[in-house]
Every structure is written in C-alpha cells, then in structure tokens.
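Below is one structure, written out as structure tokens, with a few remarks after it.
Number of protein chains: 2
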Amino acid sequence: MNINPDIPATTAVPGEKELIEEAVALVASYPKVPITVDCVIFGFDENELKVLLIRSDLPLFHGKWSLLGDFAGDQEELDDAAYRVMRSRTGMDDVYLEQVRTFSNPKRHPGGRVLTVAYCSLLNIEHHQLKTHENELHWHSFNGLKDMAFDHQEVLDYCYKWLQKRMQEHPLGLNLLPDKFSLRELQNLYEVVLNVKLDRRNFRKKFFSMDLLIDTGEYEDDVPHRPGRLYKFNFQKYEKNQRSWIGIDF
Amino acid sequence: MNINPDIPATTAVPGEKELIEEAVALVASYPKVPITVDCVIFGFDENELKVLLIRSDLPLFHGKWSLLGDFAGDQEELDDAAYRVMRSRTGMDDVYLEQVRTFSNPKRHPGGRVLTVAYCSLLNIEHHQLKTHENELHWHSFNGLKDMAFDHQEVLDYCYKWLQKRMQEHPLGLNLLPDKFSLRELQNLYEVVLNVKLDRRNFRKKFFSMDLLIDTGEYEDDVPHRPGRLYKFNFQKYEKNQRSWIGIDF
DNA sequence: TCAAAAGTGTTATTGTTACACCCATGC
DNA sequence: GCATGGGTGTAACAATAACACTTTTGA
C-alpha cells in the first residue's frame, strides 16, 4: 500500500486510490434495493409459545399484526440493525439473536421491492419488561395466528420451523425460561414448541445424562403441589464441549 | 377492492390506490443498498472437494479468486438471480441450490456498501460441462484456498460448515456423485467432506438399513481391482418418508 | 500370483423406549 | 385426606462401534 496515495507506485499502474474510485463507480452503477430486518421474538408463558407483535403501521395493512422491523441504516451491519430494532421498541438487550433467512419476493411489500432479512430471538418474558405499548406491542399466542401484514406469516412460519430444528440440536430453548427452572417447565417447553408428548422419566434421564444442569438446591414456590427442584443450565460447560462429528441420520 | 379505483368506497376513507401510493412514497424515502448473490458451487472429483471459482474482475483484487456472483436485478427474486448466475456463467441448470446466509459487513466491498446473499450449490462435475473458461473459471481444490477477493473466504468457510452439517441430516451429498455410484465412492465423499474416517462395514450397514439405495445390477468399470456394485439413490422414497420428530441431541 | 479393493457377521456397548408406584406439598 | 405433580428404576429393544477374513478382478 502506498504511504502517499497521490504518488502511484509506478506511472503505468493505477494506484490504490484510482482502483477504489473505480470500484465505487462500479457499485454506484448497480440497482439498489431497500433492506429491512424483521425480528421474530419468541417468548414462553403460561405454557404457550408467544411472539412479540405490533399492529402494522402501514395503513394498507390496517389492523393486521406485524413483526418488529425497520429499515437498515446506510452503513449498518444487519445484526446491529436487528439489535437496534429490539432495543428501540422494547428496551430489551443482551438477548439471543440470530439471522435466519432473507426473503426477496418482489411483491412482498405493496410499496415496491423491499428485501427483508429475518432474525430470530428468544427471551424470557418475565425478565424483560416491554418499555412501550405503542401500536399495541404485546406478546401474542403463536398458535392460531393468521393473515399477518406483508409476508410476515411466511416469515414467522419459517422461523418456527427453524426454532423446532435448532432446539433439538442446541440448548436454545433455555433462553425462553427463567435462569432457574424446574424440569417440568423445561419439559413443557419442549413439548409445546416441538409439539410432541415426552415421557417424563426419559426426559429427566436424558437431561441429567448430559450433565449440563446445575442443581441450585432451591425449590419452586407458589405451586399448589409438591415443589420441584430448580436448576440452572451450564452454558459454559456446553460451550466447551462442542461435538464436531455427530453421524449420518436421515 | 374497488372496481373503479377513481371512486373511493367512501369519501372519508382513502381508497386502495391512495394507500398504495402512500406505501410507494414511504419505500422511496428509505436508504437503498446494492444486493448481490454469490454462489458457492461445490463439486467432488478425484476424491477431493472442489469449488467453482473465477479470477476476480475487480482490478483491486487482481489475481485473487472469487465466487461466482452478480448483482440482483431490480425486480428479481434472489433464488432466480442465483440460478441466473449459474446458468449464465456455466450453462448449468437443474441443480441443487439453496440460500445459506446474508453477509452485510459494510466494509466487505471496497466500492461501498454491498450486501450479498450466499447460495450453496452441489453438482456432479462430470455431468456439467463448463460452457466458458472466461476469467479462468475452473474447479478449484477446496483445501488450501486462502486470501480470496472480498469476504469470499468467510462466505466459503461458512458454506462449508453449512454443507458438513446439512450432509449429515439430508442426502445432499448425493448431488455431488454421478447417478450411479459405488459404495466406496459414497463413503469417500462422506469421509472427505466431513473430514472423518469411517468404518466400511458400518457405513454399508447404515446405508443399506435406510433402504434408500437402489441396486442397479451394474458394476464399476475401468477399475484396477474387483469392481463394486453401482447404486442409485431413491430420492422419491426419501421425500415421502420425512421424519418430523427426531430427538434432543446436544 | 499379486495387489487392491469388494463383500460380509458377530459381539459388546450404548442409547432409547415403555412402563407404575410412592412421595411431598397445598388446600 | 385428597388432589396434584415430583421423584425414581428396570427390562426390552434398537442403534452403534469395534473388529478380520475371504472373494473377485486386472495387471
């Protein structure tokens, strides 16, 4: 790289400055598209999977439910944009967030072509108070949702499938629970999200055998029956022992 | 919807036409970004994983290898754009292609901000002849690749991890082999891509027990040793018997 | 006849499923 | 004392991992 960009290395070869100008001109000549991020924010409450929604602020979709989203800033990394959306609308921070997929149907926005990159987030409803209730921002039951704004139904359905798959391979779901949880809560979570019925003893055996639950020594409170032990998840140990080879399974 | 858009349903409420105009104006007011698709096209030849590359045509990256990519058309679905890239540069068609991830680092293109959506493709090198060799388009060994143009090294590494994971859950890898293949070829493929050593007898048992291999009755040819039986993969049967619940495994 | 890979079974171990009874607590 | 869910063990079964010899072909 030249120290002084005004003096090219040789007179025959263009300097880095010229090359960059050329690249800038090239990029400027290409079609551009508005980009949004849309956040599918899952929660778990009262034994139901919930998703954080607002009323669409686009009059064309008056009354319809919409995911939380916003246009991406000019020089903004999309992960940052997704975090910004979460923070600005809910005050939530430091949560699990992951890019899931980009939706590019040219008809997906009635105002013209808009790409959206879907992000999926999982958080514990109790630990994060909504900072606003503008546009009826609220936790909506995942089941029975239909006829959302834009292509948000499709985005949501895709993210739900993603969640189901991902939860079986990674301890994602624990982000939906409080820090301390009973095994019953954990099992309910898996049963509800994966839509299966699991054997209680086998479920316990499975989780205990992974040796990733830390017994807090504490017990549930305010339950109208024998209280269960409360556990924490050992995320540290999990991170350390990542398996690489699993097996062929299809 | 109004039959005649010039006469709103009521005088107080704006008609659909006005709402759409409003949406169009809104979209027009937002920042726009150029979008590209980049195709990571994997092949398998001489017992090595290969990837289809060209020399970057951006002078700034003179001599560096680049994925096949192009800007997305104004009203083009990104899947279509990825297909177009494959077809226009290689003549290949009707191949496995899937969106993997969007890369949005604002610094990833020296000419300014350009988003790219990475697609991953798997095909059999023998069955698809390159239609051109412009820009040194060729099958490059995956191993030992480094210092590519743009962030293409990162994109490629991400797609490789994606491939490894995906190949264990779906019979993706078969797209890399000829229609008829021996079990040795199949095992080599898995060993190379997943970078593991597998027991031959257990590997056979595994695949036969899935009952998805069709014995063609034919045998290898031109091998300097006892020829192996050739099989086809029963994609139809596989598609029909998709499992929904697998299990908790992490 | 040699080299090279094809083809083939058994055993030990591990993980998974199915299943039923007593226990602790709140009401 | 009763309703509710907590907590526990075992046996059958399925899947996986480890391991070695004979067969077939081309050269």
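Just so you know, the protein sequences line up as chains D and B, in that order.
Taking the UniProt record's numbering as reference, the numbering of the first sequence is continuous, increasing by one, and the terminal residue is 250.
Taking the UniProt record's numbering as reference, the numbering of the second sequence is continuous, increasing by one, and the terminal residue is 250.
Cβ atoms here follow ideal geometry from the backbone N, Cα and C, with glycine treated the same way.
Counting C-beta neighbours from all protein chains within 10 Å, is the total for residue i 16 or more, i.e. buried, or is it exposed?
| i | result |
| --- | --- |
| residue 88/D | exposed |
| residue 72/B | buried |
| residue 76/D | buried |
| residue 102/D | buried |
| residue 205/D | exposed |
| residue 223/D | exposed |
| residue 237/D | exposed |
| residue 207/B | buried |
| residue 142/B | buried |
| residue 121/B | buried |
Distance check for residue j and residue i, CA to CA, integer angstroms please.
| i | j | result |
| --- | --- | --- |
| residue 337/B | residue 20/D | In this structure chain B extends from 1 to 250, so residue 337/B is not present and cannot be described. |
| residue 130/D | residue 91/D | 7 Å |
| residue 161/D | residue 18/D | 48 Å |
| residue 123/D | residue 191/B | 39 Å |
| residue 249/B | residue 74/B | 43 Å |
| residue 111/B | residue 28/D | 8 Å |
| residue 32/D | residue 81/D | 18 Å |
| residue 48/D | residue 181/D | 16 Å |
| residue 215/D | residue 156/D | 35 Å |
| residue 59/B | residue 16/D | 10 Å |
| residue 173/D | residue 213/D | 14 Å |
| residue 226/D | residue 179/D | 21 Å |
| residue 169/B | residue 196/D | 20 Å |
| residue 198/B | residue 126/B | 26 Å |
Using only CA atoms, which one of the options lies nearest to residue i?
| i | options | result |
| --- | --- | --- |
| residue 270/D | 225/D, 57/D and 35/D | With chain D covering only 1 through 250, there is no way to say anything about residue 270/D. |
| residue 218/D | 208/D, 211/D and 229/D | 229/D |
| residue 99/B | 43/B, 225/B, 46/B and 166/B | 166/B |
| residue 86/B | 118/B, 109/B and 107/B | 118/B |
| residue 36/B | 181/B, 139/B, 108/B and 95/B | 108/B |
| residue 150/B | 175/B, 55/B and 200/B | 55/B |
| residue 115/B | 44/B, 22/B, 152/B and 121/B | 152/B |
| residue 220/B | 231/B, 203/B and 210/B | 231/B |
| residue 210/B | 242/B, 147/B and 61/B | 242/B |
| residue 128/D | 52/D, 202/D and 65/D | 52/D |
Helix, strand or coil, according to DSSP, for residue i in the structure here?
| i | result |
| --- | --- |
| residue 164/D | helix |
| residue 149/B | coil |
| residue 229/B | strand |
| residue 118/D | strand |
| residue 75/D | coil |
| residue 140/D | strand |
| residue 173/D | helix |
| residue 194/D | helix |
| residue 246/B | coil |
| residue 222/D | coil |
| residue 55/D | strand |
| residue 187/B | helix |
| residue 211/D | coil |
| residue 107/B | coil |
Starting from residue i, follow its DSSP beta bridges and name the residues at the other end.
| i | result |
| --- | --- |
| residue 91/D | BP columns for residue 91/D are empty, so no partner. |
| residue 179/D | In DSSP, residue 179/D forms no bridge with anything. |
| residue 50/D | 43/D and 141/D |
| residue 80/D | In the DSSP output, where bridge partners are listed per residue, residue 80/D has none listed. |
| residue 66/D | 54/D |
How about residue i: is its Cβ closer than 7 Å to a heavy atom in the ligand FMN?
| i | result |
| --- | --- |
| residue 126/D | By its list of ligands, the structure shown contains no ligand whatsoever, and the ligand FMN lies outside what it can speak to. |
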